[in-house]
Amino acid sequence: MQVILDLCLVPLGVGVSVSQYVAECHRVLQEAGLKHQLHAYGTNIEGDWDAVMAAVKRCHERVHEMGAPRITTTIKLGTRTDREQTMADKVQSVEKKLQ
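Each residue of the sequence shown is one higher than the one before, starting from 1291 at the first, in the working numbering.
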C-alpha cells in the first residue's frame, strides 16, 4: 500500500535549534530511497507503507543516537485505493484551481 505521510519530528532536551536533527532524518529518508519534501514545519514523504514507517522508526533511532533524550512526533498520513496519487499530484490539483 502506498502512503503519503507528513512527519514533524521534534527532539526535546537538545536546546532551541533542531536543524541538525532534521538534517539527519533527511539523510535517513535519502538512504531509504524515499521521495520526500521538506517544508517549514515538517517533511512530506511518499512511498510504500512499510518502507515509510521503517524510515520514521529509523529517524527516531538516529535522533536518539545523536543524544536527544526525548522525541515528540506528529504524523498525518493518507492512503487511497481508488487511484494512485503522488505529493506532486496533490499540489498540482490545488495550483490549477488557483489559476
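Where is the CB? At the ideal position from N, CA and C, for every residue including glycine.
Everything numeric in this text was worked out from a predicted model, so none of it was measured.
With 16 or more other Cβ atoms inside 10 Å of its own Cβ, ALA1345 counts as buried. Counting along the chain, VAL1308 sits inside no alpha helix (DSSP H), nor does DSSP assign it H or E at all. In this chain, GLU1336 is not harboured by any alpha helix (DSSP H); it is covered by the beta strand (DSSP E) spanning 1332-1338. In the three-state scheme derived from DSSP, where H, G and I count as helix and E and B as strand, GLN1375 is classed as coil. Between TYR1311 and MET1356, the alpha-carbon positions lie close to 8 Å from each other.
With distances taken between CA atoms, LEU1302 lies nearest to HIS1354 out of HIS1354, HIS1316 and ASP1379. Between the stretch 1292-1299 and the stretch 1356-1367 there are three or more C-beta pairs closer than 8 Å, enough to call the two in contact. Look at GLN1292 here: in three-state DSSP terms it is strand. Contact annotation, ARG1348 with VAL1318: C-beta distance approximately 5 Å; criterion of less than 8 Å satisfied.
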